[in-house]
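Enquirer:
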Amino acid sequence: MEPFVIETDRLVLDLPIPTDRDRVIEYCRDPLFERFLTLPWPYEPRHADFFLETFVPKGWARGNELTWAIRLESGGPLLGIIGWRRDHGDLGFWLGSPHRGYGYMTEATIAVTDRLIRELDLGEVAWECVAGNAASASVARKAGFAYSGEAPTRLAFRDGSHPLSWHGVFGANDDHSPKSGWPA
Ligand SMILES: CC(C)(COP(=O)(O)OP(=O)(O)OC[C@H]1O[C@@H](n2cnc3c(N)ncnc32)[C@H](O)[C@@H]1OP(=O)(O)O)[C@@H](O)C(=O)NCCC(=O)NCCS
């Protein structure tokens, strides 16, 4: 599949590239990532090299892992990453800590969800996070996902476990207004 760029009011979502390496390494060493993400831990430069040189291009070529860099302008510094996995049909995302709290991930999530539904003719886009990841749940809620309950993660964690997680879904005919029923 050919990578496609998505633009929003404030953001450009394009391909993560090898020059993003230093920021990927810096941001993926955030201690929150050990707890909430399935990325390797401790995060080493070779993990960023694999991500940028192999995982991202292969994922696009096969069409099974579509990954975007989040930037303020084309060619600008990386703020974070958002991606969609075909096998689970779900979104995954992170922002470097200096870029949180500006609503960027909500904006990116809405844009990616709409584009995926349109471009791939999907019936729905899913989301999940480890139970208690309030920031992630807040993004999904604000992007208009409906909460569908607690269950083990679909994605296996580093030790092969499937921790309890919160699940949500956005249907092709849904609007982006926040839905009720989310954990407080
Ligand atoms: C999840 C993440 C991308 C959210 O980033 P963000 O910058 O907070 O996203 P947004 O700015 O779009 O904010 C979404 C909302 O969540 C709220 N929020 C942020 N952190 C929160 C927290 N710890 N508890 C409750 N709400 C929180 C924000 O205040 C915002 O709501 P508001 O606009 O009403 O103020 C970011 O926290 C992150 O990268 N975390 C580490 C990686 C991770 O957990 N990824 C998700 C894996 S499923």
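Numbered per the working numbering, the sequence shown finishes at 187, counting up by one with no gaps. C-beta atoms are modelled at their ideal positions from N, C-alpha and C, and glycine is treated no differently. Predicted model only: the values in this text are computed from it and were never measured.
Per the contact definition of three or more C-beta pairs closer than 8 Å, is the region 6 to 25 in contact with the region 102 to 118?
Expert: yes
Enquirer: Going by the CB atoms, is the gap between GLU131 and ASP93 shorter than 7 Å?
Expert: Counting from 1 along the sequence shown, the entry for residue 93 is found at position 90. Counting from 1 along the sequence shown, the entry for residue 131 is found at position 128. Going by C-beta atoms, ASP93 is nearer than 7 Å to GLU131.
Enquirer: Tell me whether SER100 is buried or exposed, calling it buried when 16 or more other Cβ atoms sit within 10 Å of its Cβ.
Expert: What you label residue 100 is simply residue 97 of the sequence shown in a count that begins at 1. Flag for SER100 reads exposed.
Enquirer: Looking at LEU158: is its Cβ nearer than 7 Å to the Cβ of ALA134?
Expert: Taking the first residue of the sequence shown as position 1, residue 158 is located at position 155. Taking the first residue of the sequence shown as position 1, residue 134 is located at position 131. It is not a contact, given that the beta carbons lie outside the stated cut-off.
Enquirer: Measuring CA to CA, which of THR22, GLU5 and GLU29 is closest to HIS102?
Expert: Sequence index remark: in the sequence shown, residue 102 carries index 99 (1-based). Ranking the options by Cα distance to HIS102, first place goes to GLU29.
Enquirer: For THR100, which three-state DSSP category applies?
Expert: Counted from its first residue, the sequence shown places residue 100 at position 97. A small fix is needed here, since residue 100 is Ser in this sequence, not Thr. In this structure, SER100 counts as helix in the three-state DSSP scheme.
Enquirer: Quick check: what's the CA-CA separation for LEU18 versus ALA138?
Expert: Reading the sequence shown from its first residue, position 15 is the one you call residue 18. Reading the sequence shown from its first residue, position 135 is the one you call residue 138. One C-alpha to the other measures close to 24 Å.
Enquirer: Quick one: using the 10 Å Cβ neighbour count with 16 as the cut-off for buried, is VAL27 buried or exposed?
Expert: Counted from its first residue, the sequence shown places residue 27 at position 24. So VAL27 counts as buried.
Enquirer: Assign ALA64 to buried or exposed, taking buried as 16 or more other Cβ atoms, counted over all protein chains shown, within 10 Å of its Cβ.
Expert: Against the sequence shown, residue 64 aligns to sequence position 61. It is exposed - the Cβ of ALA64 has fewer than 16 other Cβ atoms within 10 Å.
Enquirer: Short check: CB of ALA143 to CB of GLY171, under 7 Å?
Expert: Within the sequence shown, residue 143 is the residue found at index 140, counting from 1. Within the sequence shown, residue 171 is the residue found at index 168, counting from 1. Cβ distance < 7 Å, so ALA143 and GLY171 count as in contact.
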